[in-house]
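The block underneath contains the structure these notes are about, expressed in structure tokens.
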Ligand SMILES: Nc1ncnc2c1ncn2[C@@H]1O[C@H](COP(=O)(O)OP(=O)(O)OP(=O)(O)O)[C@@H](O)[C@H]1O
Ligand SMILES: [Mg+2]
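Residue numbers (my numbering), protein chains in the order written: chain A, 74 to 306; chain B, 2 to 338.
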């Protein structure tokens with residue numbers, strides 16, 4: 074098999090297995106290609122392996138078997154500095170938010186710019202605009218533990234988008250949001266997608282997936298059992 | 002499956018009501034490159050973040066600083082004691098006197114030959130001949146106004162002549178002094194020797210044991226201090242392992258995560274060691290006040306000396322490095338995300 078990436082491919086997985094020690098098989102023989110600029114849902118029941126699949130794509134976890142190519146880089150053999158560089162081009166919305174608890178909401182969002190060395194003034198201005206766009210203007214000085222789940226989720230979303238990443242990985246990004254906020258967040262993700270970002274959203278909200286009607290990968294017990302171009306046809 | 006109730010309509014063409022002012026698209030498409038910090042700003046940034054690693058967990062940081070302070074206090078205190086006791090012993094050794102009383106019948110030429118021989122000896126610092134007349138004169142001075150009863154003693158002076166011998170400090174070792182004393186005692190002009198032989202031997206023993214003990218415990222103490230401090234720092238970093246993990250997941254490079262902690266460790270080491278040394282200096286000042294007013298065997302103790310500037314400097318550098326390396330090694334465990 075050639076590991077030469079097609080420039081059109083954002084992501085290619087070849088025969089990927091993921092086994093969590095000691096023997097928890099989370100993904101089995103996944104073969105999939107996602108092009109640049111696509112908007113893709115990953116659907117499946119709880120425990121199907123959605124989060125695991127996303128974790129492989131920004132090298133939080135390493136594949137136990139097979140090849141994982143992201144942006145032309147093989148994540149199985151990636152070096153530590155390359156890993157950091159990759160993550161700076163990937164905006165991740167974590168299922169558990171992963172906010173820095175000792176930093177304010179504003180600082181958390183600005184943090185994605187801080188790691189690439191953007192000046193303080195600039196990163197706080199952008200973070201403020203981003204937070205305004207997501208309806209958190211009033212909470213910028215709060216610490217994450219004092220926020221509701223939905224608010225923390227939106228901070229995580231703002232942080233993922235602020236870097237204008239080429240790839241956005243969203244793990245259940247609206248799991249804690251009310252319907253209005255869910256619409257708003259998906260509109261942001263779709264807007265980023267229209268601007269050229271590749272977006273992958275893990276979700277078990279089938280209603281939402283049908284509503285948006287984009288390419289959908291279906292996982293079941295770690296296997297890829299479906300790849301629909303448009304779930305509604 | 003669907004617990005959201007009636008699903009909201011998603012309109013991908015129009016901005017959502019209220020939120021999402023269109024900022025994202027505008028920002029994204031502008032392709033505008035963002036100004037980066039550079040040059041000295043980078044140093045300032047890391048320094049600020051270094052201070053932040055300390056202030057973020059003030060309790061733990063205080064414990065780290067105190068650990069370093071106590072360690073350095075003990076280490077420096079130990080060095081101080083070693084240095085001053087060594088000095089005291091040397092001092093005591095240098096005032097080690099042997100008095101050889103001369104037989105009244107000894108010929109003056111033999112006596113002066115004896116004195117010259119002593120003066121040429123490597124083990125002797127000085128040998129001063131005190132004649133019978135000088136001895137009486139000194140005795141009289143000692144008695145002061147009550148010296149009247151010594152009238153007429155000149156004719157039948159009962160005081161013997163003597164040679165006051167001062168030994169060289171570095172030769173106050175049991176065997177060499179012992180052989181010297183044997184030689185003196187056997188000499189024909191010598192009537193009697195007066196000295197503190199046990200004191201000489203004990204002194205020798207103490208100096209040797211003290212040096213060896215000092216060196217070994219210094220090494221052991223250094224090892225323990227390293228261990229203590231790196232463990233304290235490990236605790237601090239352990240408390241922040243989630244944060245470190247998140248930083249890495251968001252794309253922070255190893256050095257971006259590491260440098261602030263190392264600077265923090267460096268600063269804690271600096272503050273801790275200076276604090277420890279200042280405490281020691283205060284303690285030293287108090288002890289010295291006591292020492293100045295006290296005597297041992299009727300002899301005033303010499304002024305104690307504090308550690309030299311360079312010793313203090315070296316200790317501070319040790320504290321600083323221990324802090325920095327402690328952070329570095331403690332971090333390695335928690336940087337695997
Ligand atoms: N760190 C881990 N160690 C061991 N097993 C794990 C670990 N993370 C996930 N798993 C297991 O791997 C399987 C897939 O987990 P994953 O989190 O990918 O599921 P998911 O599809 O995201 O589920 P959910 O919808 O509940 O988030 C599950 O059986 C889970 O128990
Ligand atoms: Mg999950």
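Glycine included, C-beta positions come from ideal geometry on N, C-alpha and C.
Please compile the residues from chain B whose C-beta is within a distance smaller than 7 angstroms of the C-beta of residue i.
i	result
residue 154 of chain A	254
residue 294 of chain A	Correct list: empty, because the minimum Cβ distance to chain B is about 18 angstroms.
residue 161 of chain A	252
residue 275 of chain A	Chain B residues near residue 275 of chain A: none, gap ~16 angstroms exceeds 7 angstroms.
residue 265 of chain A	25 and 29
Anything in chain A within Cβ reach of residue i, meaning under 9 angstroms, just list it in chain order.
i	result
residue 38 of chain B	190, 191, 192 and 193
Excluding five sequence neighbours on each side, which residues of the same chain lie with their C-beta closer than 8 angstroms to the C-beta of residue i?
i	result
residue 104 of chain A	86, 87, 88, 89 and 297
residue 99 of chain A	91, 92, 93, 122, 125 and 295
residue 245 of chain B	238, 258, 332, 335, 336 and 338
residue 100 of chain B	163, 164, 165, 166, 194, 195 and 196
Buried or exposed: which applies to residue i, given that a residue is buried once 16 or more other Cβ atoms fall within 10 Å of its Cβ?
i	result
residue 32 of chain B	exposed
residue 170 of chain A	buried
residue 241 of chain B	buried
residue 348 of chain B	Beyond the ends of chain B as shown, which are 2 and 338, falls residue 348 of chain B; an answer cannot be given.
residue 1 of chain B	It is not possible to answer for residue 1 of chain B, since the shown part of chain B is limited to 2 through 338.
residue 40 of chain B	exposed
residue 45 of chain B	exposed
residue 323 of chain B	buried
residue 251 of chain A	exposed
residue 14 of chain B	Low per-residue confidence applies at residue 14 of chain B: pLDDT is 42, beneath 50, and the placement is therefore not dependable, though the value from the model is reported in the following sentence. That one is exposed.
residue 310 of chain B	exposed
residue 145 of chain A	exposed
residue 127 of chain B	exposed
residue 264 of chain A	buried
residue 68 of chain B	buried
residue 224 of chain A	buried
residue 187 of chain B	exposed
residue 213 of chain B	exposed
residue 228 of chain B	exposed
residue 287 of chain A	buried
residue 156 of chain A	buried
residue 141 of chain A	buried
Who are the neighbours of residue i on chain A, taking C-beta pairs under 8 angstroms?
i	result
residue 24 of chain B	202, 203, 205 and 206
residue 247 of chain B	171, 172 and 173
residue 244 of chain B	173, 174 and 175
residue 280 of chain B	Under the 8 angstroms cutoff, chain A gives no residues; its nearest Cβ is about 31 angstroms from residue 280 of chain B.
residue 48 of chain B	Those within 8 angstroms of residue 48 of chain B in chain A number zero; the least Cβ separation is about 14 angstroms.
Run through chain B and tell me which residues come within less than 8 angstroms of residue i, C-beta to C-beta.
i	result
residue 237 of chain A	28 and 29
residue 302 of chain A	Neighbours of residue 302 of chain A on chain B: none; closest Cβ ~17 angstroms, over 8 angstroms.
residue 121 of chain A	Correct list: empty, because the minimum Cβ distance to chain B is about 14 angstroms.
residue 148 of chain A	In chain order: nothing, as chain B lies at least about 14 angstroms away.
residue 234 of chain A	25
If the cut is a Cβ gap below 7 angstroms, which residues of chain A does residue i touch?
i	result
residue 222 of chain B	By Cβ distance, chain A contributes nothing, its closest Cβ being about 35 angstroms from residue 222 of chain B, past 7 angstroms.
residue 57 of chain B	175
residue 257 of chain B	188
Spatial neighbours of residue i within its chain, please: CB distance less than 6 angstroms, with the 5 preceding and 5 following residues excluded, ordered by chain position.
i	result
residue 127 of chain A	242, 244 and 275
residue 301 of chain A	289
residue 26 of chain A	Residue 26 of chain A falls outside the range modelled here, since chain A spans only 74 to 306, and no answer is possible.
residue 122 of chain B	none
Within the same chain, show all residues whose beta-carbon is closer than 7 angstroms to that of residue i, passing over the 5 residues directly before and after it, in chain order.
i	result
residue 182 of chain A	200, 203, 204, 228, 231, 232 and 235
residue 210 of chain A	204
residue 80 of chain B	308 and 312
Quick one: which chain B residues come within Cβ less than 9 angstroms of residue i?
i	result
residue 184 of chain A	247, 248, 251 and 253
residue 165 of chain A	250 and 251
Could you tell me whether any Cβ in chain E is nearer than 8 angstroms to the Cβ of residue i?
i	result
residue 157 of chain A	In summary, chain E is missing from the structure at hand, where the protein chains are A and B.
(request) Count the C-beta pairs between the stretch 126 to 137 of chain A and the stretch 191 to 200 of chain A that are closer than 8 angstroms, then say yes if the count reaches three, no if not. (result) no
(request) Report yes or no: do the stretch 316 to 324 of chain B and the stretch 273 to 281 of chain B share at least 3 C-beta pairs separated by less than 8 angstroms? (result) yes
(request) Identify every run of the alpha helix (DSSP H) within the stretch 34 to 58 of chain B, keeping only runs that are complete inside it and at least 4 residues long; order them along the chain. (result) 41 to 57
(message) So within the stretch 145 to 204 of chain A, which uninterrupted alpha helix (DSSP H) runs reach at least 4 residues, ignoring any that extend past its ends?
(response) 153 to 161 and 178 to 187
(request) Can you check the stretch 208 to 254 of chain A for any alpha helix (DSSP H) of at least 4 residues that lies completely inside it and give the ranges in chain order? (result) 222 to 234
(message) Any contact between the stretch 260 to 269 of chain B and the stretch 43 to 59 of chain B? By contact I mean 3 or more CB pairs, one from each, below 8 angstroms.
(response) yes
(request) Check whether the stretch 255 to 264 of chain B touches the stretch 323 to 337 of chain B, counting contact only when three or more Cβ pairs, one atom from each stretch, lie closer than 8 angstroms. (result) yes
(message) Using a Cβ distance threshold of 8 angstroms, determine whether the stretch 154 to 171 of chain A contacts the stretch 232 to 247 of chain A, with at least three qualifying pairs required.
(response) yes
(message) Counting beta carbon pairs with one atom in the stretch 285 to 294 of chain B and one in the stretch 58 to 76 of chain B, are three or more of them shorter than 8 angstroms?
(response) no
(message) Tell me whether the stretch 104 to 117 of chain A and the stretch 260 to 274 of chain A touch, counting them as touching only if at least three CB pairs, one residue from each stretch, are closer than 8 angstroms.
(response) yes
(request) Scan the stretch 82 to 142 of chain A and note each continuous beta strand (DSSP E) run of 3 residues or more that stays entirely inside, going in chain order. (result) 82 to 93, 97 to 108 and 112 to 117
(request) Starting from the N-terminal end, write out each residue whose C-beta falls within a distance shorter than 7 angstroms of any non-hydrogen atom of ligand 3. (result) Absence of ligand 3 from the depicted structure is noted, with ligand 1 and ligand 2 being the only ligands included.
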